[in-house]
Amino acid sequence: MNDLLQKSLTDVGLLLEKGEVSSVEITRAAIAAMEQHRDLNAFITETPDIALIAAEKSDRRRSEGKTLGALDGIPVAIKDLFCTKDVKTTAASKILYNFVPPYSSTVVENLEQSGTVMVGKTNLDEFAMGSANMTSHFGPVKNPWKNKDGSDLVPGGSSGGSAAAVAAGIVFGATGTDTGGSIRQPASFTGTVGMKPTYGRCSRYGVVAFASSLDQPGPMTRTVNDAALVLNAMAGHDPMDATSARHDVPDFSASINGDVKGLRIGIPDEYTLDGMPGDIQELWNQGIKWFEALGAECQPVSLKHTKYALPAYYIIAPAEASSNLSRYDGVRYGLRVEDAGDSLDDMYEKTRSEGFGDEVKRRILIGAYVLSAGYYDAYYIKAQQVRSLIADDFNRVFEKVDVLLTPSTPSAAFAIGDKMDDPVAMYLNDVFTVPASLAGLPAISVPVGRDSGGLPLGLQLIAGPFDETTLFRAASALETAAGFDVFDHGKDA
Amino acid sequence: MTYLIEGDSGDWEVVIGLEIHAQVISRSKLFSGAATDFGAEPNSQVSLVDAAMPGMLPVINEYCVEQAVKTGLGLNAQINLRSVFARKNYFYADLPQGYQISQFEDPIVGEGVVTLDMPDGTVREIGIERLHMEQDAGKLLHDQDPKRSFVDLNRAGVCLMEIVSKPDIRSPEEAGMYVRKIRSIVRYLGTCDGNMEQGSLRADCNVSVRKPGEDLRTRAEIKNVNSVRFIMQAIEFEAARQVDIYENGGEVIQETRLFDAGKGETRSMRGKEDAHDYRYFPDPDLLPLNLDRDFVEALKKSLPELPDEKLKRFTDDLGLGHYDAGVLVAERDIADYFEAVVAGGKAKRDAKMAVNWVTSNLFGALKSAGLDISESPVSAPQLGALLDLITDKTISGKIAKDVFEEMFATSKDPDTIVDEKGLQQITDTSAIEAIIDDVIAANPAQVQEFKGGNEKIIGWFVGQVMKASAGKANPGAVNQLLKQKLSGG
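In order, the protein sequences belong to chains W and D.
Using the numbering used here, read the first sequence as starting at 1 and increasing by one per residue.
Using the numbering used here, read the second sequence as starting at 1001 and increasing by one per residue.
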């Protein structure tokens, strides 16, 4: 059965189409794998019953010739930040430990309408705040990849559960959300493909908000073509989200043809960091060589304000979060902590003290601080100005090149517990992913190789706004050239 | 007519600025599809967005934007083609999101002006600082349970317009007139029902006092006053309180105060030190609101005639006095009624006659019946028809008053009443002559008096003839014929 689960989403879709396998069979296998890999703690809620009903329906549709397309019948996982009707949705927070939404997010509905089969809700950093999946109220997620000594590694975050579930071969694809790198960084850490679309491409309706101007749902899969297929199902204009884009959604998978001849690829000078591991620099150089060998034209470019991206991000994202998380007040849903005789303020204080974890509290405090009277101009306004400059940098560069090639992360996966006492070291994980987030650009992490410790590393491609087709085309060429095998984990490097 | 408060140290001037919160007339809320009807079952008009469920997003209701722009145009104000929604952050149980979506640095409407026609005939201009759109909060119910408070979110998310005046108001009376004027404008526009008892129009009053010519002194803000009378009372009390403080060597502190209508006084609610830091910032869920110039122009063309224009037309074209015209235009329903009375019929009816009938007879009857003009048993066409009967001499003015009473009681047409009761004026000379002859024959003593030189007694004869004709004889004809008969006979 494992052979089946190790196929790509694209390939298993073809098997379904040919009738060589049924959705119920694949779903049963996925459910079994989910149970078998419970040590990874990748799921907060397993939904096997719902999955099997959906799988049966899919098989029935197929037998009646009414199949819904490439994703019909394929088991996927949903990050527990997406609201799912009648299925607990926690954002990995104690404050929503019992929250069952009476509605589904638009992305989840879109996936359902494509016939996908949800097997469960994946673990994440609390409210998507973290880069190691260490801040979840439901405990850390383990990376299917292990250290050489067999010790456990983080899967990255915040979409660590989705990344682990895909990397472990439980599901063929999963949803993630990316605010500053929460799809791309865990993808890089787990040897999977993680794609953040252009801001506005996928609806945020029904996705528990972290930082509204940055949050963007996206696919996490094992191949680039799989990501293209899943994004096609997720994306589209949504009148329920005022920031949703009205752009048409092209057939992303159809744009993948392996041809990158003449593609202009920018290599940003500013992404070379002092003290960056040699493995990463080497892989980056290797990436350039692969592209050049395929006939692409690589050239150095400059994105001058890159070094200000991370500080600006860590002002804007907490500012928005501090306000977005105000609704978790114990009044209407979720956790409420109060004692007899408590005032409303007492109840707020106890509920939020007990309901939020340390990292969430830290960001709420930072956010409230940077928005407060007397500091707003110095922090928030300044950060927004930086954000504009960064977007301008990208706009100028995309007049000269089609895509940018950078490392995805400044390191490979690290040990569980590392960097927990140093938030700034933890925030540095996002150094390569945050600039594209601030500019709202589509970006993808493609697994391309392994570091000296045998751990996977990804390279990131960034394209201009709504140019996902070029992004997927370049990513697929890189993927083919690298020939990375996600199921190498458990084997020696 | 300057309003000054006498103090031991001299006269004090009152400086007032008002922030009027006007609930926008719209079927659904500012950022959700939930209904806005007043008085519905608690929490029956609450969408997932209004309850701030996780992942819910606001989507602007375009109709509310139209209403705000219309109001801005009605206030002769600048319409800002780009405006920005901002979050005002604070915790309270009636505010599910933990922030109110409002407009802060970039409101949809900028500076404007409204004019007040003062009773002494002068005109006062009151500047408008801005108008912005925002969400209303829910309502806390403290009287349902001895220990707990309940929350009703029906009102949460309903669109309000906050209309901020400049500190141009100088007396409680002006404040009252200003509120009435704003209410009249929004009612004409159909952008707010102006119903203060239901809270759809309420005001925060910023009040300070100073010696004439001085710079502004510290102000107190009186929150949420919900009637014109209370606004005037609250300002009067507050100004006197502040003068008292200064006269006794004290300092007024900047604070928020509440008006206690029962006691007619204001009292402190919270001081400046308890003021919230609202941490305003642009709402990242909403893009800046960009309006098309054509959109604004189209709304401008669609505006109804507003009270100021109507007043000018009533005085200039219809020849009404300024006072009468002012009474008519204050309420759109009254102005519309009046215009329907004047405009109907074959020819235009006499406007002065119409205004008298509307403001004295109709208003009097409505007032004693406790009815609003919209509930009048006599419709405007019916009143117009009555005026026609007077003009064409079918009935006398005196009979008309009786007919009107009957109309008011039964809602019948005046023609029907006149026909049924045979009230047509007798203008046929021979018929009147017959009555006169009878009266003269029956009263020889009075005839002798007349002939003896008491010409005044003719009035008594007129009365007798009118009585005999049940009021229907044409009084002019009676007079003339009586003189002839008595002198000649």
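Here a beta-carbon is modelled for each residue, glycine too, at the ideal position from N, C-alpha and C.
These figures come from a predicted structure and were not determined experimentally.
When DSSP states are grouped into helix, strand and coil, residue 41 (chain W) belongs to the coil group.
Taking C-beta separations shorter than 8 Å and ignoring five residues to either side along the sequence, the partners of residue 212 (chain W) in its chain run 204, 243, 320, 324, following chain order.
Around residue 99 (chain W), the beta-carbon contacts reaching into chain D at under 8 Å are 1054. Nearest to residue 272 (chain W) by C-alpha distance, out of W:261, W:263, W:262, W:284, is W:284.
Taken in chain order, the whole beta strand (DSSP E) runs of length 3 or more contained in the region 123 to 209 of chain W are 173 to 178, 193 to 196.
In the three-state DSSP reduction, residue 1281 (chain D) falls in the strand class (E or B). Between residue 1326 (chain D) and chain W, the shortest Cβ-Cβ separation is not below 7 Å. Of the candidates D:1152, D:1120, D:1459, D:1223, the residue whose Cα lies closest to the Cα of residue 1174 (chain D) is D:1120. Counting along the chain, residue 1460 (chain D) sits inside the alpha helix (DSSP H) bounded by residues 1458 to 1468. The region 220 to 230 of chain W makes contact with the region 457 to 477 of chain W; the number of CB pairs closer than 8 Å reaches 3 or more.
At a Cβ-Cβ threshold of 7 Å, residue 1185 (chain D) and residue 1110 (chain D) do not count as neighbours.
For secondary structure counted as the beta strand (DSSP E) over 3 or more consecutive residues, the region 315 to 383 of chain W holds no complete run. In the DSSP assignment, residue 298 (chain W) falls within the unbroken beta strand (DSSP E) covering 297 to 301. Residues 1074, 1185, 1188 of the same chain have their beta carbon placed closer than 7 Å to that of residue 1306 (chain D), with the five preceding and five following residues left out of the count.
With 16 or more other Cβ atoms inside 10 Å of its own Cβ, residue 217 (chain W) counts as buried.
A check of alpha carbon separations from residue 1050 (chain D) across D:1178, D:1099, D:1484 identifies D:1099 as the nearest. Closer than 7 Å to the CB of residue 25 (chain W) there is not a single CB belonging to chain D.
Short of 7 Å from the beta carbon of residue 1269 (chain D), and not among the five residues preceding or following it, lie these beta carbons of its own chain, in chain order: 1223, 1256, 1257, 1258. Contact with chain D is absent for residue 342 (chain W), since none of that chain's Cβ atoms lies less than 7 Å from the residue's Cβ.
When C-beta atoms of the region 94 to 102 of chain W are compared with those of the region 347 to 359 of chain W, three or more pairs fall below 8 Å, so the two segments count as touching. Contact check between the region 308 to 315 of chain W and the region 74 to 82 of chain W: fewer than three CB pairs, one atom from each, fall below 8 Å, which does not count as touching.
The bridge partners DSSP lists for residue 1011 (chain D) are D:1006. Annotated as proximal: residue 1400 (chain D) and residue 1386 (chain D), with beta-carbon spacing under 7 Å. Scanning the region 1365 to 1430 of chain D for uninterrupted alpha helix (DSSP H) segments of 4 residues or longer gives 1380 to 1391, 1397 to 1410, 1414 to 1421, listed from N- to C-terminal end. Per DSSP, the unbroken beta strand (DSSP E) holding residue 1088 (chain D) starts and ends at 1085 to 1089.
A residue is called buried once 16 or more other Cβ atoms fall within 10 Å of its Cβ, and residue 1135 (chain D) is buried on that count. Restricting attention to beta strand (DSSP E) runs no shorter than 3 residues, the region 220 to 304 of chain W encloses them at 264 to 268, 297 to 301, ordered along the chain.
With the rule of 3 Cβ pairs closer than 8 Å, the region 356 to 370 of chain W counts as touching the region 321 to 341 of chain W. Taking a cut-off of 8 Å on C-beta distances, the region 158 to 165 of chain W does not touch the region 51 to 66 of chain W, as fewer than three cross pairs fall below it. Counting C-beta pairs closer than 8 Å gives fewer than three between the region 1189 to 1205 of chain D and the region 1143 to 1150 of chain D, which falls short of the contact rule. Taking each of D:1421, D:1038, D:1486 in turn and checking the Cα distance to residue 1433 (chain D), the smallest one comes out for D:1486.
Beta-bridge partners of residue 1141 (chain D) (DSSP): D:1150. Going by C-alpha positions, residue 1027 (chain D) is about 19 Å away from residue 1196 (chain D). Counting only runs of at least 4 residues, the region 1169 to 1234 of chain D fully encloses the following alpha helix (DSSP H) elements, listed from N- to C-terminal order: 1172 to 1189. Per DSSP, reduced to three states, the secondary structure at residue 1290 (chain D) is strand.
One thing to note: residue 193 (chain W) has its Cβ no nearer than 7 Å to the Cβ of residue 175 (chain W).
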